[in-house]
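Per full-length UniProt numbering, the sequence shown starts with residue 1, numbered consecutively.
Note that the Cβ used here is the ideal one computed from N, Cα and C, for glycine as well.
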Amino acid sequence: MSEELEGKHGVQSLEVGMAILRAMAAGKRSMMLKDIAIAASMPPSKAHRYLVSLIRSGLVEQDRLTSRYDLGPFALNLGLVALDRIDRIRLGLAAITDLRDVTNETTSLAVWSDDGPVVVRWERPRRPITVNVVTGTSLSLLSSAAGRVFAAWLPERQTEALLLKEIEAGKAPGVASLAQARAVLAEVREQGAAILSRGYFARGVEAAAAPVFNFKNEITMSIALVGVEGSMDLTPGSPTLDELRRATHELSLRLGASADTA
């Protein structure tokens with residue numbers, strides 16, 4: 001069978017294994033082999049062969065005392081990860097919409113990718129002159145507010161290579177070394193937000209961003225306010241910044257972050 005044909009037909013053994021997992025998930029409790037076989041519409045002997053492999057992978061586990069099967073630790077981990085990813089985006093979209101309505105400023109939501117921060121959604125305010133943020137835009141770690149937020153709260157081992165690349169390319173005015181970048185990011189952590197009224201990667205634009213934390217108290221998203229330079233009040237304690245911090249704090253709490261982290 002050619003690779004092209006295999007690609008179209010998929011992997012049958014994987015599909016059979018998934019049928020067993022779906023049957024177990026639908027059962028909502030640990031199950032005996034015969035019950036799994038009936039639910040998955042296959043002979044018990046066939047179901048048992050697949051269950052052996054699923055146990056080895058961590059997707060299924062068996063109670064030695066009762067011989068009943070249940071979803072394993074890896075399956076539970078996949079569920080938690082999927083829940084975190086789905087819920088955080090949905091809640092994040094609602095948060096930036098509400099923040100847009102309160103501030104009447106452009107709002108955006110960014111997440112971390114292998115290539116750094118990326119914009120996943122933005123909301124336009126009701127005013128004649130606005131700043132458009134393109135969905136899918138990759139953001140600089142040093143010359144964007146959302147990028148500085150991720151760089152400030154992510155472990156440096158995840159950001160150091162990108163930081164050095166931007167420093168060498170001269171993308172961040174006034175930041176010529178990793179030591180200077182660390183000082184900038186330390187100030188961001190101290191303020192609890194990144195504020196860029198000058199030196200933004202897009203000319204004539206200013207922005208402020210704050211972190212959103214998950215149930216592990218790790219940064220999972222960033223919310224930003226973006227406007228025409230000089231149009232927003234970004235002074236410490238301004239209503240605009242207060243609303244940004246309120247939005248990210250409330251969203252962090254909803255995602256399970258502890259109150260002192262959020």
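- The C-beta distance from L164 to L178 rounds to 6 Å, short enough to meet the 8 Å contact threshold.
- The C-beta separation of W122 from T107 comes to about 7 Å, placing the pair in contact by the 8 Å criterion.
- Between V118 and G136, the CB-CB gap stays under 8 Å.
- Take the alpha-carbon of I219 and the one of F150: they are about 7 Å apart.
- The beta-carbon distance between I223 and V212, rounded to whole angstroms, is 6 Å. This is short enough to meet the 8 Å contact definition.
- DSSP, reduced to helix, strand and coil, places T106 within a strand of the structure shown.
- For L225, there is no enclosing alpha helix (DSSP H); the residue is found in the beta strand (DSSP E) stretching over I219 to V228.
- Segment contact: the segment 170-184 against the segment 228-237, fewer than three CB-CB distances shorter than 8 Å; contact not assigned.
- Secondary structure note for L71: its beta strand (DSSP E) is the uninterrupted segment Y69 to L71.
- Rounded to the nearest whole angstrom, the CA to CA distance from S45 to A39 is 14 Å.
- Annotated three-state conformation of P236 is coil, per DSSP.
- Around the Cβ of V52, a 10 Å sphere holds fewer than 16 other Cβ atoms; the residue is exposed.
- In the three-state reduction of the DSSP assignment, A207 falls in the strand class.
- Look at F215 here: in three-state DSSP terms it is coil, with no helix or strand label.
- T130 and E105 have their alpha carbons spaced roughly 8 Å apart.
- Note on geometry: alpha-carbon atoms of V11 and Q180 lie some 52 Å from one another.
- DSSP places V175 outside both helix and strand once states are collapsed to three, so it counts as coil.
- Runs of the beta strand (DSSP E) spanning 3 or more residues and lying entirely within the UniProt domain "HTH iclR-type" (11-73) occur at 60-62 and 69-71, in chain order.
- Within the model, the alpha-carbon separation for R22 versus Y69 is close to 13 Å.
- Under the DSSP definition of a beta bridge, E123 partners with T107.
- Taking all protein chains in view, the Cβ of G147 is crowded by 16 or more other Cβ atoms within 10 Å, so the residue is classified as buried.
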